[in-house]
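There are 2 protein chains.
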Amino acid sequence: MTQTSFSETAVQSDDRAMVIRDQLRDAIIEHRLVPGTKLSEAEVGKLFDVSRTVVRAALQSLTFEGLVRAERNRGAFVASPSPEEARQLFEARRQIEAGIARIAANQATAEAFARFDACLEEETRLLQERGPASRRAAIRASGEFHILLADVAGNPIMRRFMEELIARSSLVIALYGRTGASSCGHNEHGDIVAALRDRDAEGASRLVLTHIDHIETDLDLRSYAERPLREALLSVE
Amino acid sequence: MTQTSFSETAVQSDDRAMVIRDQLRDAIIEHRLVPGTKLSEAEVGKLFDVSRTVVRAALQSLTFEGLVRAERNRGAFVASPSPEEARQLFEARRQIEAGIARIAANQATAEAFARFDACLEEETRLLQERGPASRRAAIRASGEFHILLADVAGNPIMRRFMEELIARSSLVIALYGRTGASSCGHNEHGDIVAALRDRDAEGASRLVLTHIDHIETDLDLRSYAERPLREALLSVE
DNA sequence: ACATCACAGATTGCATACAATCTGACCGCC
DNA sequence: GGCGGTCAGATTGTATGCAATCTGTGATGT
Numbered sequence: 001m002t003q004t005s006f007s008e009t010a011v012q013s014d015d016r017a018m019v020i021r022d023q024l025r026d027a028i029i030e031h032r033l034v035p036g037t038k039l040s041e042a043e044v045g046k047l048f049d050v051s052r053t054v055v056r057a058a059l060q061s062l063t064f065e066g067l068v069r070a071e072r073n074r075g076a077f078v079a080s081p082s083p084e085e086a087r088q089l090f091e092a093r094r095q096i097e098a099g100i101a102r103i104a105a106n107q108a109t110a111e112a113f114a115r116f117d118a119c120l121e122e123e124t125r126l127l128q129e130r131g132p133a134s135r136r137a138a139i140r141a142s143g144e145f146h147i148l149l150a151d152v153a154g155n156p157i158m159r160r161f162m163e164e165l166i167a168r169s170s171l172v173i174a175l176y177g178r179t180g181a182s183s184c185g186h187n188e189h190g191d192i193v194a195a196l197r198d199r200d201a202e203g204a205s206r207l208v209l210t211h212i213d214h215i216e217t218d219l220d221l222r223s224y225a226e227r228p229l230r231e232a233l234l235s236v237e
Numbered sequence: 238m239t240q241t242s243f244s245e246t247a248v249q250s251d252d253r254a255m256v257i258r259d260q261l262r263d264a265i266i267e268h269r270l271v272p273g274t275k276l277s278e279a280e281v282g283k284l285f286d287v288s289r290t291v292v293r294a295a296l297q298s299l300t301f302e303g304l305v306r307a308e309r310n311r312g313a314f315v316a317s318p319s320p321e322e323a324r325q326l327f328e329a330r331r332q333i334e335a336g337i338a339r340i341a342a343n344q345a346t347a348e349a350f351a352r353f354d355a356c357l358e359e360e361t362r363l364l365q366e367r368g369p370a371s372r373r374a375a376i377r378a379s380g381e382f383h384i385l386l387a388d389v390a391g392n393p394i395m396r397r398f399m400e401e402l403i404a405r406s407s408l409v410i411a412l413y414g415r416t417g418a419s420s421c422g423h424n425e426h427g428d429i430v431a432a433l434r435d436r437d438a439e440g441a442s443r444l445v446l447t448h449i450d451h452i453e454t455d456l457d458l459r460s461y462a463e464r465p466l467r468e469a470l471l472s473v474e
């Protein structure tokens, strides 16, 4: 979707490890790999036909991003953010994305708006479709919008932070999402773009904040006591 | 200084790699390792008496943080942020630290203020001393203050971002720092703590912003054309 | 029947060996 | 003398082997 890949994040070395990293990352973001899933080095290595060395590098990379949890002598698992972590995540998103929106309002070029339009079209298209596959794609596209926002702001450092936050948000939605409408809301993305077009930095910032609030509201973070059980059930290898 | 170590950031596995990572990281932050220095796997491994495998993990970790630049089949080097990257870094810091200050103003406990006081005392003590060693320690202590701010805000995710930003700022100061007063200014840290004590979120946020502006002002980012030469000279192994 | 302990299987942690690649020097040629 | 190519050394990329650690099973004793 976005033409810039994740190469920003990573080393240009580690070709192979990066490919595996991105594949696993995509699978996690699209909820094909659910939280708690064990990522055995040997198994992953066999799937991608590489040695454990390369797999370890990829898993380490994902661990730094918070998408994978590594336990000593136990192995690596797809992360299962706690409700508390989820709250911290959204707090961080509010702080960072508000700033990004302000910057983007001043920086956005015509080319940027073209990308926004393409992204919005893709989103609405996917939302009209039904089925789990398009649900996944919709969550992904929703994330792409936020990353695009960071991209337009033109700060690679903040863009990388956003990538991490978005990816982890996807995990949170997988665990605590209620409707799945979390991803898009009532064309709030469109409203944000409109504010950007008006160069209304404060308006865009405010819209982003309420948008994130809406995403968070759609989560079920309250059932603190029950979660460990459900998590455990999902974690059964 | 701060009792919480960097364990937040990392995997609890990779004991040994983490130790090396932290040692290298500290050396970079304290300017004992200057930008451009080559970090040969074999050499580092010999120094710490571990195999290249462990060193690679440590270097990979530092690469993700942006403290090390890895070139395929060439090796790893202490990063040399460009002036452009430096600007982006401070832009990110303004966005993130302003938010952190607001949160910290509401969250700070008595225990937090005790830590602030200890940090400020340490800073002023180091500033009174002369010599390169205390200069290094001062830069380090200055960073610790900002991390402490993030710590008090109570959001581990933003804390981790701050750790990265502070570490990279130290690199930038090493490259472009003019006076070294970059680290502290005119007791601006103390003013920030005072605002926190007053629960003045907006005031604290504003003070943080001007503080970061002052740090950036003290840098010499203008001489774009000359830098590559100086950088190259510093990079001579 | 229950609890405890010991062992076997599996998985990760680490070191090392080999292959691929790059850098720099030397040599021949123009 | 300058330029280009080839080769040796060094360094990283990857695979694999062995040691350390953990999990779960089964036997044994109370």
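Chains as they are written, first to last, in the numbering used here: chain F, 1 to 237; chain C, 238 to 474. We put the CB at the ideal spot given by N, CA and C, even for glycine. Just so you know, these numbers come straight off a predicted model, no measurement behind them.
Residue i to residue j span [Cα, whole Å]
i: F:Ala104; j: F:Ser169; result: 21 Å
i: F:Arg87; j: F:Ala150; result: 21 Å
i: C:Leu363; j: F:Leu120; result: 54 Å
i: C:Val305; j: C:Val315; result: 5 Å
i: F:Leu47; j: C:Gly273; result: 38 Å
i: F:Glu111; j: C:Asn424; result: 45 Å
i: F:Thr63; j: F:Ala70; result: 7 Å
i: C:Leu276; j: C:Leu444; result: 38 Å
i: C:Ser298; j: C:Ala313; result: 12 Å
i: C:Leu385; j: F:Arg72; result: 29 Å
i: F:Met18; j: F:Ala27; result: 14 Å
i: C:Glu280; j: C:Arg289; result: 9 Å
i: C:Arg459; j: C:Glu400; result: 26 Å
i: F:Ser142; j: F:Asn155; result: 20 Å
i: C:Thr346; j: C:Arg377; result: 24 Å
i: C:Ala432; j: C:Glu381; result: 18 Å
i: F:Gln176; j: F:Thr217; result: The sequence shown places Tyr at residue 176 of chain F, not Gln. Between F:Tyr176 and F:Thr217, the C-alpha separation is close to 11 Å.
i: C:Gly439; j: C:Asp428; result: According to the sequence shown, residue 439 of chain C is Glu rather than Gly. Spanning the two alpha carbons is a distance of roughly 13 Å.
i: F:Gly131; j: C:Ala375; result: 58 Å
i: F:Arg74; j: C:Gln260; result: 26 Å
i: F:Arg115; j: F:Asp213; result: 25 Å
i: F:Phe161; j: C:Phe398; result: 8 Å
Distance between beta carbons of residue j and residue i, contact taken as under 8 Å
i: F:Val172; j: F:Leu209; result: With 8 Å as the limit, F:Val172 and F:Leu209 do not qualify as a contact, their Cβ atoms being about 18 Å apart.
i: F:Ala133; j: F:Val34; result: The Cβ separation is near 16 Å, so there is no contact.
i: F:Arg178; j: F:Phe113; result: Their Cβ separation, rounded to whole angstroms, is 32 Å, which puts F:Arg178 and F:Phe113 out of contact at 8 Å.
Residue from the options whose Cα sits closest to the Cα of residue i
i: F:Ala204; options: F:Leu149, F:Arg136, F:Ala101 and F:Met158; result: F:Ala101
i: C:Val430; options: C:Asp354, C:Glu322 and C:Asn392; result: C:Asp354
i: F:Ala92; options: F:Ala112, F:Asp213 and F:Leu165; result: F:Leu165
i: F:Glu41; options: F:Ala58, F:Ile157 and F:Leu33; result: F:Ala58
i: F:His258; options: F:Leu221, F:Ile215 and F:Tyr176; result: Nothing about residue 258 of chain F can be read from this structure; chain F reaches only from 1 to 237.
i: C:Asp437; options: C:Arg309, C:Leu385, C:Ala335 and C:Ile376; result: C:Ala335
i: C:Arg396; options: F:Ala195, F:Glu85 and F:Arg140; result: F:Glu85
Proximity below 8 Å, CB of residue i to CB of residue j
i: F:Glu129; j: F:His189; result: no
i: F:Val50; j: F:Arg25; result: no
i: F:Ala167; j: F:Ile29; result: yes
i: C:Ala390; j: C:Gln332; result: no
i: F:Pro81; j: F:Leu89; result: yes
i: F:Arg136; j: F:His211; result: no
i: F:Gly45; j: F:Val55; result: yes
Chain-ordered residues of the region 140-159 of chain F with a beta carbon less than 7 Å from chain C: Asn155, Pro156, Ile157 and Met158
Short of 7 Å Cβ to Cβ, which residues in the region 327-338 of chain C face chain F? Glu328, Ala329, Gln332, Ile333 and Gly336
Listed in chain order, which residues of the region 64-82 of chain F have Cβ atoms closer than 7 Å to some Cβ of chain C? Phe64, Ala70, Glu71 and Arg72
According to a CB-to-CB cut-off of less than 9 Å, which residues of the region 281-301 of chain C neighbour chain F? Thr290, Arg293, Ala294, Gln297, Ser298, Thr300 and Phe301
Determine which residues of the region 397-412 of chain C have a Cβ less than 9 Å from any Cβ of chain F, and write them out in chain order. Arg397, Phe398, Glu401, Leu402 and Arg405
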